[in-house]
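Please read the structure below before turning to the comments.
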Amino acid sequence: MRSKRDGGQRCLLATMTNEPFQPVRLYYTVPDESSVVRAFKKLQCMAEAPHERCWQWLFHAEAASLRFAAGGFDDVPKEKRPIILGRIRFPRQDGMTLETNSIDRAIAGARFFGSKLGADVVAMRCRVVNRCFAADEGQPRELMATLDQDVTVIDPREAEACLRREFKGVAAGRDAERAAAEFLERRIKSKDDVPMVEDFPLAPEEETPDFRDLANTLQLRCVRAFEHWRGNTQLTLTELIVRIFGEDTRAPEVQGKCT
17 MRSKRDGGQR
27 CLLATMTNEP
37 FQPVRLYYTV
47 PDESSVVRAF
57 KKLQCMAEAP
67 HERCWQWLFH
77 AEAASLRFAA
87 GGFDDVPKEK
97 RPIILGRIRF
107 PRQDGMTLET
117 NSIDRAIAGA
127 RFFGSKLGAD
137 VVAMRCRVVN
147 RCFAADEGQP
157 RELMATLDQD
167 VTVIDPREAE
177 ACLRREFKGV
187 AAGRDAERAA
197 AEFLERRIKS
207 KDDVPMVEDF
217 PLAPEEETPD
227 FRDLANTLQL
237 RCVRAFEHWR
247 GNTQLTLTEL
257 IVRIFGEDTR
267 APEVQGKCT
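This note's numbering runs 16 ahead of the 1-based position in the sequence shown.
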């Protein structure tokens with residue numbers, strides 16, 4: 017691992033490929049463990065680690081062409097090679113997890129294994145720690161354990177019920193656009209934000225082959241976490257989305273309107 021200093025002289029914990037340390041776990045359904053293991057045995061970048069009860073995904077061979085913040089394979093010091101990009105486990109016969117210590121690696125892993133393992137291995141959920149870490153907060157292995165501490169599991173049915181309540185009786189067209197913008201405005205003012213450890217469902221039936229939706233979802237959380245690290249702790253995910261995607265997502269001013 018590496019560390020970076022910010023203006024306040026705190027050292028940001030970073031990976032060997034120079035991304036902020038931020039634990040992520042992807043949950044997959046698999047046809048069965050044995051079929052996936054057979055695929056792993058054909059890959060030089062996969063190494064079984066019985067002492068960890070996992071398979072290590074190495075920055076090596078088939079994975080050596082991946083690019084990260086600090087560059088690529090050639091930018092990793094020779095004495096550190098091969099570094100571990102992630103760890104894969106089988107908590108049950110029809111389930112698999114991929115753990116990485118950065119968001120960039122999680123996205124790269126989803127894309128890499130999506131192409132190597134085929135359509136029967138499906139990413140169903142994601143869990144992420146929504147913060148950055150200082151270099152003196154502990155060893156990476158210890159900090160990865162935060163993935164299982166005070167987890168908030170997002171139930172999509174609750175979100176759908178909330179949206180139904182918000183838009184009940186709203187017609188299509190401009191009324192719906194205004195209602196959506198006003199709902200977003202209320203979200204901003206409420207300061208509701210993502211939990212520290214967030215477990216949320218993915219939508220594999222809507223995902224693209226390059227995992228565009230997963231990438232966008234995680235990258236927004238990475239930016240938010242880094243902004244909090246820099247001291248902008250009042251920034252919420254909703255505010256960040258508005259900042260990135262523009263003011264046209266917000267409700268227009270109406271004279272005499274009270275909220």
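The beta carbon of each residue, even a glycine, is placed where N, CA and C say it ideally should be.
Being a predicted model, the structure only gives us computed values, none of them experimental.
Under the rule that 16 or more other beta-carbon atoms within 10 Å means buried, what is residue i, buried or exposed?
i, result
"Pro225", "exposed"
"Glu35", "buried"
"Ile119", "buried"
"Arg135", "Sequence check: residue 135 is Ala here, not Arg. That one is exposed."
"Val46", "buried"
"Ala30", "buried"
"Phe261", "exposed"
"Arg103", "buried"
Please report the straight-line C-alpha distance between residue i and residue j, rounded to a whole angstrom.
i, j, result
"Tyr44", "Pro93", "32 Å"
"Ala85", "Thr33", "6 Å"
"Ala161", "Val167", "11 Å"
"Leu218", "Ala139", "7 Å"
"Arg141", "Asp215", "7 Å"
"Leu114", "Arg143", "10 Å"
"Gln60", "Glu223", "28 Å"
"Arg246", "Phe149", "11 Å"
"Leu236", "Arg121", "15 Å"
"Phe128", "Asp91", "20 Å"
"Glu243", "Phe75", "28 Å"
"Cys238", "Gln109", "32 Å"
"Thr254", "Asn232", "14 Å"
"Gly154", "Leu163", "14 Å"
Using three-state DSSP, classify residue i as helix, strand or coil.
i, result
"Leu42", "strand"
"Ala80", "coil"
"Val210", "coil"
"Gln250", "coil"
"Glu243", "helix"
"Gln235", "helix"
"Ala30", "strand"
"Phe56", "helix"
"Leu218", "coil"
"Glu223", "coil"
"Glu255", "helix"
"Glu49", "helix"
If residue i and residue j are in contact, beta carbons under 8 Å, what's the gap, nearest whole angstrom?
i, j, result
"Ala126", "Leu42", "6 Å"
"Gln25", "Ala241", "About 19 Å; that fails the 8 Å criterion."
"Asn117", "Met212", "Between Met212 and Asn117 the Cβ distance is about 17 Å, and since that is not below 8 Å, they are no contact."
"Phe106", "Glu64", "That pair is no contact at about 12 Å."
(Q) So within the region 93 to 181, which uninterrupted alpha helix (DSSP H) runs reach at least 4 residues, ignoring any that extend past its ends? (A) The region 93 to 181 contains these whole alpha helix (DSSP H) runs: 119 to 133 and 156 to 160.
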